[in-house]
Amino acid sequence: MFLERIWPTNKAKYKCILPEQMHTIDINNFASLPTLNTCALDQHINIQRFSARYLAGGICLKEGRTVSRRRLALCALNLAPEDYLANLVHKQIQRYVNAINQFSNNKASLALLCQLQAQLTNSDKQNGHIRTVQNWLGGTSPDKAHFVPPPAEYLPPLVDDLLQFINTQKPLERAHIIAASNQLIVLHPFVDGNGRLQRAFTDSLLAMQTEHPASYISPFLYRLGHNHSGYHSTPTAMLQGDWSQVTSFWHDAINWSNEASIWLLNTVQHLQRTLRVSLALRPVTPAMTSILSLLINHPLLTVQYTLAQTQHAVADIQLALDTLVEFGLLQRYQLRQPMHTVIYECKLVFDAYLAMDEHLFSNDM
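Everything in the sequence shown is counted per our numbering, starting at 3 for the first residue and increasing by one.
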């Protein structure tokens, strides 16, 4: 239902939604959605981490889109301290991935929600606390907004009800997760970061339902290349009882996720075959094998980083890297800063990354 309020600044009337408790929602609205299918990607590739930059919110949604994968790889190695924007994006991605892991490994609670909201926003806007003020989406005031969430004083019991719903479903099924996801975004319980918190919350639960969580592709990514009105239709559905637009979004998004999973699997397998063919009829040492495994997730390497990630001696790693340069599989560069730092780059992996990024934004599927 709606509550009618008056905005004190301009004395204008506005309506804010007051959703019902979770036990009143008909879960059957989402029972017929497709199953999320994940592929058995190589154990060294983590698609969920790869795609996190498009889900992490904040700086990643704005100018952070211009940051290349190479710049992010340099930040991951702590080799680009002067690249302020890339470091902001890298840190936000890390926060988002950590939030997914925290949701996956802990029971849902108010303390956890507040902790992860603070982590994901990294701001001082009532950071880490359920909001005590009215918020809204669109427009300069609630009376001009296209959606006004519940008033702050109604949030504590509604949030508690949502968490109790998630924690008491045995077993927790896909329909329960999507219903809870819709409720969380309608509540908009924080001043900032509600969208990225909802995505991390939902993706962590959906991924755990799949056979291969590391290759889970978030249905939310469907929105990158497709403008589907159903994503924003939850408030209307709650009021009118017609969930067809919301269900349509999730149906299309899950089907897209399944198709994208197959496409990315084929891309990664092709990359792995190309790497193996590059070494055909050549002597391959154990250190070289370890480096090839690292390259899928880390197309930029240093001797020090490779040493920290493997069990090989420094001399063996150095020889393996230099040999892969001779074979044309890696390119060797010396950075200006930090001085005398040598990095090894695999262009084949970066080219695969580019193709994967372009596919996520494609509307062909």
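Every residue gets a Cβ at the ideal spot worked out from N, C-alpha and C, and that includes glycine.
Could you spell out where the alpha helix (DSSP H) holding residue i opens and where it closes?
i           : result
residue 333 : No alpha helix (DSSP H) contains residue 333, which is instead part of the beta strand (DSSP E) from 333–336.
residue 344 : Looking at the DSSP string, residue 344 is not in any alpha helix (DSSP H); the run it does join, the beta strand (DSSP E), is 344–347.
residue 86  : 86–107
residue 278 : 246–280
residue 307 : 305–311
residue 242 : 236–242
residue 121 : 112–123
residue 34  : Run containing residue 34: none; DSSP gives neither H nor E here.
residue 179 : 176–189
residue 40  : Counting along the chain, residue 40 falls outside any alpha helix (DSSP H), and DSSP gives it neither H nor E.
residue 328 : 316–328
residue 52  : 49–52
residue 200 : 196–210
residue 164 : 157–170
residue 296 : 288–297
Assuming residue i contacts residue j under a Cβ cut-off of 8 Å, what Cβ separation, rounded to an integer in Å, is found between them?
i           : j           : result
residue 265 : residue 361 : 6 Å
residue 94  : residue 60  : 5 Å
residue 192 : residue 182 : About 16 Å; that fails the 8 Å criterion.
residue 38  : residue 260 : 7 Å
residue 188 : residue 237 : 6 Å
residue 351 : residue 297 : 5 Å
residue 97  : residue 121 : 5 Å
residue 3   : residue 164 : Incorrect: roughly 17 Å between the Cβ atoms, too far for contact.
residue 299 : residue 47  : 6 Å
residue 251 : residue 230 : 5 Å
Counting along the chain, where does the beta strand (DSSP E) carrying residue i start and finish?
i          : result
residue 78 : It is not in any beta strand (DSSP E) - residue 78 instead sits in the alpha helix (DSSP H) that spans 71–78.
Taking all protein chains shown into account, decide if residue i is buried (16 or more other Cβ within 10 angstroms of its Cβ) or exposed.
i           : result
residue 66  : buried
residue 201 : buried
residue 52  : buried
residue 8   : exposed
residue 330 : exposed
residue 302 : buried
residue 152 : buried
residue 108 : exposed
residue 325 : buried
residue 194 : buried
residue 340 : exposed
residue 356 : exposed
residue 220 : buried
residue 338 : exposed
residue 12  : exposed
residue 342 : exposed
residue 212 : buried
residue 80  : exposed
With which residues is residue i paired in a DSSP beta bridge?
i           : result
residue 16  : 7
residue 63  : Answer is none; residue 63 lacks a bridge partner.
residue 149 : 139
residue 302 : 347
For residue i, which residues in the same chain have their Cβ closer than 6 Å to its Cβ, ignoring the five residues on either side in sequence?
i           : result
residue 318 : 289
residue 314 : 289
residue 257 : 36
Considering only residues of the same chain and omitting the five flanking positions on each side of residue i, which have a CB-CB separation below 7 Å?
i           : result
residue 245 : 31 and 239
residue 206 : 102, 105 and 106
residue 322 : 287, 289, 290 and 293
residue 33  : 177
residue 6   : 15 and 17
residue 69  : 87, 88 and 91
residue 186 : 164, 200 and 203
Excluding the 5 residues flanking residue i on each side, which residues of the same chain have their C-beta closer than 8 Å to its C-beta?
i           : result
residue 158 : 132
residue 147 : 16, 138, 139, 140 and 141
residue 358 : 52, 266 and 269
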